[in-house]
Ligand SMILES: [Zn+2]
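Residue numbers (my numbering): 81 to 528.
Right, dumping it as structure tokens:
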């Protein structure tokens, strides 16, 4: 039993798991150790203060109608009651946190980040991968994790260390142990690419270290997938296409059978697979293979988006990365006309919306500044998404896409107390999410 999972389970599930784990004949030595450690937690939870949050209004993660005058009671890691304050039973000695004028909402769930990368206009990607030491990159990751949390990101899916080994798994452990502040992390480790497809590349006689792990064919993909899982990957990331066409265009990398192999191995371990895919063919192969989320999807057409919608496969459109690349290439937004890549992206995003593809909030942050995650939401609205849908995407929808919707993504009794408070009304103006005044994760206040 994964201890992290136990920690973030709803109380009733934890009780059930607890009973099962305490049946001695079922316990291995390792599980016994975990059970002992967990046994210490209720005492910690009791020692922690009960907190009553009093915002001006609450966005619950779903309803377009804000709840005026609601209060939220937090006990230990969890929300114990929500509603009009007059209807709540408030324990004596509860700490009252007044949040006048602020909107309280679920902590944001970032769907596509790289904590081990920093903006490419500071240092090109290739130089980060080849020239920056693991120590430097990890130190940067520590700073990025804190910046993300302070920006209201309480859960973050990191989609590959890009040459920094399994440093994401170390960052996750350090956050869980309370060594450094940061969001709850969903990590993928090195990620998987097809031999010959990925960068860095140079003179053909040299073997350059790659930004991800190469693997091909049935046996190799089975071994590498299992190895990454064994080292701590929560999801498996695979690059279903890449810019390795004869003229530098994106072309599929893995065959559908290869993708299916990775999905089969990952899913039998209880994990899902996420694919980088920009071409219609790579998206199609990924969906047919059983992949859960498609990253980028720039070249998607109506048929592939319809297929995604039919199968319930989500799209992380990474609009922020698209605009960042264009700006690093010299585009002056608001001065110059949109470059072809931005025009194309707006068009494909519109098609995906029209086809009803589940939309994941995920900007590929790392390509641009950590802590600027909300830029992606502003672009989603700018490109045609309803503001309320963008808000849902960053809360309840991402919780559902990532299988966390029994404990995260809503302001609801029994859910984890991952909550933020912002100035203004984000259902009217999504940029209100930039004015984060309070961040709570698991009942602990990190920013106020
Ligand atoms: Zn990415």
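The C-beta atom is built at its ideal place from N, Cα and C for all residues, glycine as well.
Those residues that have a beta carbon less than 6 Å away from any non-hydrogen atom of ligand 1 are, in order along the chain, 192, 194, 239 and 444. When C-beta atoms of the stretch 149–157 are compared with those of the stretch 198–216, fewer than three pairs fall below 8 Å, so the two segments do not count as touching. The C-beta distance from residue 332 to residue 365 rounds to 6 Å, short enough to meet the 8 Å contact threshold. In this structure, the CA atom of residue 284 is about 14 Å from the CA atom of residue 324. Between the stretch 334–343 and the stretch 253–271, the count of Cβ pairs shorter than 8 Å is below three; the stretches do not touch. In this structure, residue 373 and residue 354 form a Cβ contact; the two beta carbons are roughly 5 Å apart against a cut-off of 8 Å.
Scanning its chain for C-beta atoms nearer than 7 Å, with the 5 sequence neighbours on each side dropped, one finds around residue 170 the residues 132 and 153, in chain order. Burial check for residue 414: the Cβ neighbour count within 10 Å stays below 16, so the residue is exposed. Taking the Cα of residue 179 as reference, the smallest distance to any Cα among 165, 213, 455 and 136 is reached at 136. Under the DSSP assignment, residue 176 falls outside any alpha helix (DSSP H), being part of the beta strand (DSSP E) whose first and last residues are 175–186. Separation of residue 360 and residue 384 (C-alpha to C-alpha, rounded to the nearest whole angstrom) is 6 Å.
Distance from the CA atom of residue 417 to the CA atom of residue 174, rounded to whole angstroms, is 55 Å.
The count of Cβ pairs closer than 8 Å, one atom from the stretch 507–523 and one from the stretch 482–493, stays below three, leaving the stretches out of contact.
The stretch 469–478 makes no contact with the stretch 398–408; the number of CB pairs closer than 8 Å stays below 3. The DSSP-derived three-state label of residue 190 is strand. Pairing residue 298 with residue 341, the inter-Cα distance amounts to about 7 Å.
Straight across, the Cα-Cα distance linking residue 163 with residue 194 is about 37 Å. From the listed residues 497, 311 and 240, the smallest Cα separation to residue 520 is found for 497.
Between residue 144 and residue 500, the C-beta spacing is not below 8 Å. Here residue 134 carries a strand assignment [DSSP, helix/strand/coil]. Rounded to the nearest whole angstrom, the C-alpha separation of residue 129 and residue 219 is 32 Å. For residue 224, the secondary structure class from DSSP, reduced to helix, strand or coil, is helix. Per the coordinates, the alpha-carbon of residue 435 lies some 11 Å from the alpha-carbon of residue 380. According to DSSP, residue 163 shares a beta bridge with 151.
In this structure, the CA atom of residue 252 is about 29 Å from the CA atom of residue 183. Exclusion of the five residues before and after residue 445 leaves 193 and 453 as the residues of its chain whose Cβ lies within less than 6 Å of its Cβ. Take residue 369, set aside five residues on each side of it, and the residues of its chain with a beta-carbon closer than 7 Å to its own are 336, 339, 340 and 343, in chain order. If you draw a straight line from the Cα of residue 287 to the Cα of residue 274, it comes to about 15 Å. Residue 394: member of the beta strand (DSSP E) spanning 394–396, first to last residue. Pairing residue 167 with residue 181, the inter-Cα distance amounts to about 21 Å. For the 8 Å CB-CB criterion, residue 188 and residue 506 do not form a contact. Counting C-beta atoms within 10 angstroms of its own C-beta, residue 423 has fewer than 16 neighbours from the protein chains shown and is therefore classed as exposed. The DSSP-derived three-state label of residue 360 is helix.
Around the C-beta of residue 428, 16 or more other C-beta atoms lie within 10 Å, and the residue is accordingly described as buried. Around residue 411, the same chain offers 419 as residues with beta carbons nearer than 6 Å, after the five sequence neighbours per side are excluded.
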